[in-house]
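Asks: Could you have a look at this structure, given as structure tokens, before my questions?
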Amino acid sequence: MIDVARIDYWAASGSGPLHRASVLSKVVFLMLAILSAIVAKSPYPLAAGYVVMILAAVAAGLPWLRMLALSLYAAVFPLLYGISLKGGTAVFAVLLLKALTAALAMLTLIVSTPYPRVFALLSSVLPEVLAAGLFMTYRTFFILLDMMHNFGAAIRLRGGFSPGSLYKNGSNISRGIGMLLVRAVERSSRLYAVMTVRGYNGSMAEPGADRPRREDWLPLALGAAVFALALAWKP
Amino acid sequence: MTHMHIPDGVLPVWLWVTGFIVMALSLGLSLYRVRAMDRKKKIPLLGALAAVMLVAMSIPILPPAYHINLSVTTGILLGPALGFAAAFIANVMLALMGHGGITVVGLNTILLGSEAVLGHSLFFLFKKIRPLFWRAAMATVLTLFITTVLLIGIVAATNLEPGHFFYHHEDHGQSVEARVSVSTFAVMVLSLGALGWLIEAAITGAVVKFIAQVKPDLLRHALHGAGGSVPKTGEKR
Chain A
46 MIDVARIDYW AASGSGPLHR ASVLSKVVFL MLAILSAIVA KSPYPLAAGY
96 VVMILAAVAA GLPWLRMLAL SLYAAVFPLL YGISLKGGTA VFAVLLLKAL
146 TAALAMLTLI VSTPYPRVFA LLSSVLPEVL AAGLFMTYRT FFILLDMMHN
196 FGAAIRLRGG FSPGSLYKNG SNISRGIGML LVRAVERSSR LYAVMTVRGY
246 NGSMAEPGAD RPRREDWLPL ALGAAVFALA LAWKP
Chain B
9 MTHMHIPDGV LPVWLWVTGF IVMALSLGLS LYRVRAMDRK KKIPLLGALA
59 AVMLVAMSIP ILPPAYHINL SVTTGILLGP ALGFAAAFIA NVMLALMGHG
109 GITVVGLNTI LLGSEAVLGH SLFFLFKKIR PLFWRAAMAT VLTLFITTVL
159 LIGIVAATNL EPGHFFYHHE DHGQSVEARV SVSTFAVMVL SLGALGWLIE
209 AAITGAVVKF IAQVKPDLLR HALHGAGGSV PKTGEKR
């Protein structure tokens with residue numbers, strides 16, 4: 046699917062202007078880019094917006110080549126969906142570019158912002174159960190990815206995967222998922238207990254951590270430029 | 009298996025806005041139903057199961073983008089209310105990973121949440137079916153069939169106003185307009201999906217059977233009410 050661990054590393058380790066900008070300004074940028082994808086009726090402004098975002102990623106020191114490659118994942122469903130459309134190449138191009146523009150904007154946000162900072166912003170609008178659930182999911186997910194990787198290696202070393210034996214492979218994978226599930230519940234309960242003992246009271250937000258910063262101009266100007274292109278460029 | 013990898017800007021505004029409204033109402037009802045449950049119990053369970061769903065989704069099964077969801081397993085283990093909340097969390101995380109758009113979070117939560125709710129209901133409706141593997145597998149196949157039909161219905165709904173969200177232009181004097189061929193889409197989704205339902209059903213059946221053997225209390229916790237619906241020790245699994 047997606048190399049989540051690598052995205053998390055880029056988000057946590059970078060120090061460019063987009064990394065230093067506040068989460069709120071980057072969320073505003075994302076919303077403007079999505080709005081552009083919604084209102085655009087021609088492929089040209091979307092293509093121009095896509096190029097502008099790539100240039101901004103280059104300027105901000107983001108892993109733009111990887112971002113470009115990852116944004117292409119978003120093309121899979123539009124390709125399938127496009128086959129069922131009877132609108133010609135122009136419609137196909139709009140569909141594809143709408144997907145790529147929004148996906149690249151989302152990637153710009155997540156490769157420059159660690160997930161806990163995004164959750165901290167979300168926790169101000171979501172009920173506590175969901176905000177805490179998001180954070181617990183994030184923590185547990187990375188632990189489980191490691192466990193799944195170890196499980197895959199162990200089962201291969203012990204000859205648990207045999208080509209052609211669908212039943213045996215399926216049975217082993219299912220047991221692995223079952224074990225993963227049981228361990229996930231145990232680990233998650235332990236983690237939550239530790240967090241509670243250390244004073245967790247339902248809020249992940251650091252007070253004042255997301256105040257406006259000098260670097261906010263970059264995501265805001267970028268979002269405004271992409272949106273202006275979509276509005277101004279008439280088919 | 010039925011969640012849409014549709015990026016932002018593709019679906020008409022009225023459709024995804026409706027999706028968000030229905031999702032918010034369902035989520036509100038779900039959270040109201042579990043309000044009395046101990047936080048220490050529900051938050052770790054919610055986080056763990058949503059994370060397991062995400063890990064399962066990261067295992068590719070069939071090209072181009074087929075993967076299992078474990079949404080029925082989540083529904084069976086968490087119950088309908090927390091299962092729906094787990095579906096919401098999984099979809100927000102997916103959108104934040106660039107896997108599907110932000111605007112389709114509402115519709116995807118409805119689809120994935122329906123799988124959790126339906127899966128749970130059917131699993132407990134089929135309580136006379138033994139062994140446990142077949143009970144979970146049958147609940148999964150039926151659930152996935154129903155939600156796939158729901159997915160086709162959503163795509164069919166986009167056909168109502170295609171001109172509002174796609175490009176119109178004059179091509180050699182002929183107006184070109186995007187129309188969704190629902191039958192083509194339905195044939196593609198149902199034919200690819202049928203194989204997927206069987207795979208997901210087999211995995212769900214085996215996982216539920218494994219949990220009943222290793223940690224049966226996960227299937228018997230307070231969220232499920234009726235205690236007799238899961239095999240007691242010594243009963244055939």
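Chains A and B, in that order, are what the protein sequence lines are.
Those letters in the first sequence? Residues 46 to 280, per the working numbering, in order.
Those letters in the second sequence? Residues 9 to 245, per the working numbering, in order.
Cβ atoms here follow ideal geometry from the backbone N, Cα and C, with glycine treated the same way.
Go through the region 126-205 of chain A residue by residue and report every complete run of the alpha helix (DSSP H) that reaches 4 residues or more, in order.
Replies: You should have 133-157, 160-167, 173-202.
Asks: Could you name the residues of chain B that Gly-268/A contacts, counting a contact when the two beta carbons are closer than 9 Å?
Replies: Along the first sequence, one-based indexing puts residue 268/A at 223. Within chain B, no residue comes near Gly-268/A; the closest Cβ sits about 14 Å away, beyond 9 Å.
Asks: Which word fits Pro-159/A, buried or exposed, when buried means at least 16 other C-beta atoms lie within 10 angstroms of its C-beta?
Replies: Position 114 of the first sequence holds residue 159/A. Classification for Pro-159/A: buried.
Asks: Can Gly-205/A and Asn-195/A be called in contact, C-beta distance under 8 Å?
Replies: Residue mapping note: residue 205/A aligns to position 160 of the first sequence, counting from 1. Residue mapping note: residue 195/A aligns to position 150 of the first sequence, counting from 1. Contact: no.
Asks: Please tell me whether Leu-150/B and Leu-119/B are closer than 8 Å, where the distance is taken between their beta carbons.
Replies: Walking along the second sequence from the start, residue 150/B turns up at place 142. Walking along the second sequence from the start, residue 119/B turns up at place 111. No, Cβ-Cβ distance for Leu-150/B and Leu-119/B is not below 8 Å.
Asks: When you check each C-beta in the region 176-192 of chain A against every C-beta of chain B, which residues fall closer than 9 Å?
Replies: If the cut-off is 9 Å between Cβ atoms, the region 176-192 of chain A has Ala-177, Gly-178, Leu-179, Phe-180, Met-181, Thr-182, Tyr-183, Arg-184, Thr-185, Phe-186, Phe-187, Ile-188, Leu-189, Leu-190, Met-192 near chain B.
Asks: Which residues in chain B have a C-beta closer than 8 Å to the C-beta of Pro-172/A? List them in chain order.
Replies: Taking the first sequence and counting its residues from 1, one reaches residue 172/A at position 127. Leu-39, listed in chain order.
Asks: When you compare the CB of Leu-226/B with every CB in chain A, is at least one pair closer than 8 Å?
Replies: Locating residue 226/B in the second sequence gives position 218, counting from the first residue. For Leu-226/B, the answer is yes, since a Cβ of chain A falls inside 8 Å of its Cβ.
Asks: Let's test the definition: count the other Cβ atoms within 10 Å of the Cβ of Ala-50/A and tell me whether it reaches 16, buried, or not, exposed.
Replies: Here residue 50/A corresponds to residue number 5 of the first sequence, with the count starting at 1. It counts as exposed.
Asks: DSSP three-state call for Gly-221/A: helix, strand or coil?
Replies: Reading the first sequence from its first residue, position 176 is the one you call residue 221/A. Three-state result, Gly-221/A: helix.
Asks: On a Cα-Cα basis, can you pick out the residue from Ile-162/B, Ala-194/B, Met-146/B, Gly-201/B that is closest to Thr-81/B?
Replies: Here the question's residue 81/B lines up with position 73 in the second sequence. Answer by Cα proximity: Met-146/B.
Asks: If we require 4 or more residues per run, which alpha helix (DSSP H) segments fall completely within the region 42-104 of chain B?
Replies: As far as the region 42-104 of chain B is concerned, its whole alpha helix (DSSP H) runs of at least 4 residues are 47-65, 79-104.
Asks: What distance in whole Å lies between the Cβ atoms of Leu-107/A and Thr-19/A, which are believed to be in contact at a cut-off of 8 Å?
Replies: Examination of residue 19/A is not possible in this model, given that chain A is present from 46 through 280 alone.
Asks: For the candidate residues Thr-241/A, Gly-61/A, Lys-86/A, whose alpha-carbon lies nearest to that of Ala-135/A?
Replies: Taking the first sequence and counting its residues from 1, one reaches residue 135/A at position 90. Of the listed residues, the one whose Cα sits closest to Ala-135/A is Lys-86/A.
Asks: Are the region 212-230 of chain B and the region 225-237 of chain A touching, with three or more C-beta to C-beta distances below 8 Å?
Replies: Output reads yes: the region 225-237 of chain A touches the region 212-230 of chain B.
Asks: Is the beta carbon of Leu-78/B less than 8 Å from the beta carbon of Ala-89/B?
Replies: Walking along the second sequence from the start, residue 78/B turns up at place 70. Walking along the second sequence from the start, residue 89/B turns up at place 81. No, these two residues do not count as a Cβ contact at 8 Å.
Asks: Enumerate in chain order the residues of its own chain whose CB-to-CB distance from Ile-154/B is below 8 Å, with the five nearest sequence positions on each side excluded.
Replies: Residue mapping note: residue 154/B aligns to position 146 of the second sequence, counting from 1. Cβ neighbours of Ile-154/B beyond the five flanking positions: Ser-122, Leu-126.
Asks: Count the other CB atoms within 10 Å of the CB of Gly-209/A; is the residue buried (16 or more) or exposed (fewer)?
Replies: Working through the first sequence from its first residue, we reach residue 209/A at position 164. By the 10 Å Cβ count, Gly-209/A comes out exposed.
Asks: Return the Cβ separation of Lys-143/A and Gly-17/B in integer angstroms, given the expectation that the two are a contact with Cβ distance under 8 Å.
Replies: For this step, residue 143/A is matched to residue 98 along the first sequence. For this step, residue 17/B is matched to residue 9 along the second sequence. About 3 Å separates the two Cβ atoms, so the contact holds.
Asks: For Asp-225/B, count neighbouring Cβ atoms within 10 angstroms of its own Cβ and tell me buried if that reaches 16, exposed if not.
Replies: Residue numbering aside, residue 225/B sits at position 217 when the second sequence is read from its first letter. Classification of Asp-225/B: exposed, given that the 10 Å Cβ count is below 16.
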